[in-house]
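A short worksheet on the structure shown next.
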Amino acid sequence: MANVRALIVDDSSVMRKIVERCLRQAGIELSSVFEASNGAEGLAVIGNNQVDLILSDINMPVMDGLEFVKNLQAAANAKGVPIVMITTEGGESQVTQALSLGAKGYIRKPFTPDQVKQHVVPLLRVD
Amino acid sequence: MNTDVTTGVPGNEFGRRSENWRAALYEAAAEVFDMMVGEPVSLHQDGAVAAGDSDTTAMVGLAGALCGALSIRCTTASAAAIASKMLGEPVHSAECVEQQLDALGEICNMIAGNFKARIEGLREQCMLSVPTVITGQDYCLHSLGDNDRMEVAILFQGKPIVLRLEVHG
Chain A
322 MANVRALIVD DSSVMRKIVE RCLRQAGIEL SSVFEASNGA EGLAVIGNNQ VDLILSDINM
382 PVMDGLEFVK NLQAAANAKG VPIVMITTEG GESQVTQALS LGAKGYIRKP FTPDQVKQHV
442 VPLLRVD
Chain B
505 MNTDVTTGVP GNEFGRRSEN WRAALYEAAA EVFDMMVGEP VSLHQDGAVA AGDSDTTAMV
565 GLAGALCGAL SIRCTTASAA AIASKMLGEP VHSAECVEQQ LDALGEICNM IAGNFKARIE
625 GLREQCMLSV PTVITGQDYC LHSLGDNDRM EVAILFQGKP IVLRLEVHG
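Respectively, the protein sequence lines represent chains A and B. To convert, count from 1 in the first sequence and add 321; that's this note's numbering. To convert, count from 1 in the second sequence and add 504; that's this note's numbering.
Structure follows, in structure tokens:
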């Protein structure tokens, strides 16, 4: 798992840094980390960059995570890229919706570095 | 009817559930601090904390089956200490100073989400707003409608942090 290009979408900059740290602790060598504070910014990043992994919050201003994932379906750079939702909103309906829109995993906040590893590493190995 | 459950007078459904909810609120906060801040908190047995002791407040709105707001208030020093632990940076670093409001807002958000997940029926039926953070002491929050409220005080690094759940009637 070397040279992974990750996009982290969360309206909290502290949370983006924690997620990046968890990825590194999981043994994932990140060659690039793109950050976005909402779904619209995330789409702009995807429009200009190829990434290998996307982690996104759901509850964000401007464009939430579910709308972001929905819009990713039309983004050429996002095809086949695993998407993991990381959010405080843990209702089953939201989980189902996120998965139906293309997300491959779901992590509820608060989380441990091990939980991030368990959810993310298998997706990178498969893809 | 308004019922301040901190008085221990259960006058409605909120009052009857208050002890369970108070425990759930404390457990939610304790888990968030343990997992995301990396430092345990304890229940502040003395309970009462003067509002003047705190100058930073983060708030998350609740809508749906439970309408109201959850707030967390503490001193600027505690907010900086929380940011320091979350970021792994020295407490007086420029990054901690810059990120302390963001850190407290995210902690409030996670406590709100963790709390509602512990209450039957709320995980699916209650939605959260994005956090708002207020600095300073000279403000007054006016909420429309009848409200019930509860407060839980915790100790983080020996300093009190107050969690307040306000529910519209």
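Idealized CB from N, CA, C, for every residue including glycine. All figures in this text were calculated on a predicted structure; none of them were measured in a lab.
Check                                                                                                                           : Outcome
Any 3 or more C-beta pairs closer than 8 Å across the segment 351-366 of chain A and the segment 389-397 of chain A             : yes
8 Å Cβ cutoff met for residue 667 of chain B and residue 529 of chain B                                                         : yes
Short-range partners of chain B found in the segment 396-428 of chain A, where Cβ spacing is below 7 Å                          : 409, 410, 411, 412, 413, 414
When B:533, B:671, B:644, B:566 are compared against residue 630 of chain B, the one with the closest alpha-carbon              : B:566
Inter-residue Cα distance where the pair is residue 372 of chain A and residue 360 of chain A                                   : 15 Å
C-beta neighbour in chain A for residue 661 of chain B, strict 8 Å                                                              : no
Buried or exposed (CB count within 10 angstroms, at least 16 for buried), residue 645 of chain B                                : exposed
Minimum Cβ-Cβ distance from residue 610 of chain B to chain A less than 8 Å                                                     : yes
DSSP beta-bridge partners of residue 664 of chain B                                                                             : B:659
Cross-strand partners of residue 575 of chain B (DSSP beta bridge)                                                              : B:563, B:668
Listed by chain order, chain B residues near residue 380 of chain A by CB distance under 9 Å                                    : 613, 617, 631, 632, 633, 634
Proximal chain B residues relative to residue 335 of chain A, where beta-carbon distance stays under 7 Å                        : 587, 590, 591, 603, 606, 607, 610
CA-to-CA distance, residue 594 of chain B to residue 584 of chain B, given in whole angstroms                                   : 9 Å
C-beta neighbour in chain B for residue 438 of chain A, strict 8 Å                                                              : no
Beta carbon proximity, residue 332 of chain A to chain B, threshold 8 Å                                                         : yes
Residue 437 of chain A versus residue 586 of chain B - alpha carbon distance                                                    : 21 Å
Separation of residue 387 of chain A from residue 573 of chain B, as counted between CA atoms                                   : 23 Å
Cutoff 8 Å: residue 375 of chain A Cβ touching any chain B Cβ                                                                   : no
Own chain partners of residue 626 of chain B with C-beta closer than 7 Å, once the 5 adjacent residues on each side are dropped : 569, 570, 620
Three-state secondary structure assigned by DSSP to residue 530 of chain B                                                      : helix
Closest Cα partner of residue 562 of chain B within the set B:665, B:672, B:541                                                 : B:665
When B:541, B:540, B:542, B:578 are compared against residue 558 of chain B, the one with the closest alpha-carbon              : B:578
Inter-stretch contact at 8 Å, needing at least 3 Cβ pairs: the segment 526-542 of chain B / the segment 634-642 of chain B      : no
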